[in-house]
Amino acid sequence: MATYTINNVGTVGHPASSPAVKILDVVVDFSSTTNVANDVFECLSIPANTYVITAGVDVLTVDSAGNSGTISLGDGADVDRYIATAAITSAGQMTIKAQAGTSAMGTTSVAYGIHAAADTLDLVVSTGAVNGKVRVWALTADIGGGGDAESQIVTFA
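Numbering (our numbering), first residue to last: 36 to 192.
Following this line, the structure appears as structure tokens:
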């Protein structure tokens, strides 16, 4: 069995063409809408070939609608991938699900997403109208590279 050693790696840092990790965010003011249970707010556009490392909700203004309203944060494949259904009754960061297998939450927890196709991160009004204000954020990385036309940047010896 042969080992092919790569040359020119780790000596000059990341290539200039390497994509950067980005934070996307948007403020959603629920008081500007007449929302009801099961309404979906498409908040952040996620391009194809994006790894969402994690995402969350920062409650800026707590809900005072009095409808026991709750929200979740997810995407087209999983409506609560990042934030399980919860009331927005306390200011600050909502609890993000633990990544699968890393806590007592079990293997059904997710809290990250690999998006081969374009998608959106969505807030879902789960149980009743809400009127608070939140900031939805996501830590993302482009994993598309240069596509099929990408050239090899290392050599093997």
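Note that CB positions come from ideal geometry on N, CA and C, so glycine has one too.
Residue interval of the beta strand (DSSP E) (run including residue i)
{"i": "residue 80", "result": "75–81"}
{"i": "residue 91", "result": "85–96"}
{"i": "residue 120", "result": "118–122"}
{"i": "residue 155", "result": "154–160"}
{"i": "residue 58", "result": "56–64"}
{"i": "residue 131", "result": "From DSSP, residue 131 is part of no beta strand (DSSP E); its letter is neither H nor E."}
Residue i versus residue j - alpha carbon distance
{"i": "residue 61", "j": "residue 90", "result": "12 Å"}
{"i": "residue 154", "j": "residue 36", "result": "43 Å"}
{"i": "residue 167", "j": "residue 161", "result": "14 Å"}
{"i": "residue 84", "j": "residue 175", "result": "10 Å"}
{"i": "residue 57", "j": "residue 163", "result": "33 Å"}
{"i": "residue 88", "j": "residue 77", "result": "18 Å"}
{"i": "residue 170", "j": "residue 55", "result": "22 Å"}
{"i": "residue 86", "j": "residue 173", "result": "10 Å"}
{"i": "residue 39", "j": "residue 149", "result": "30 Å"}
Backbone secondary structure at residue i - three-state DSSP
{"i": "residue 107", "result": "strand"}
{"i": "residue 173", "result": "strand"}
Burial state of residue i, where buried means 16 or more other Cβ atoms lie within 10 Å
{"i": "residue 118", "result": "buried"}
{"i": "residue 110", "result": "buried"}
{"i": "residue 70", "result": "buried"}
{"i": "residue 101", "result": "exposed"}
{"i": "residue 112", "result": "exposed"}
{"i": "residue 178", "result": "exposed"}
{"i": "residue 105", "result": "buried"}
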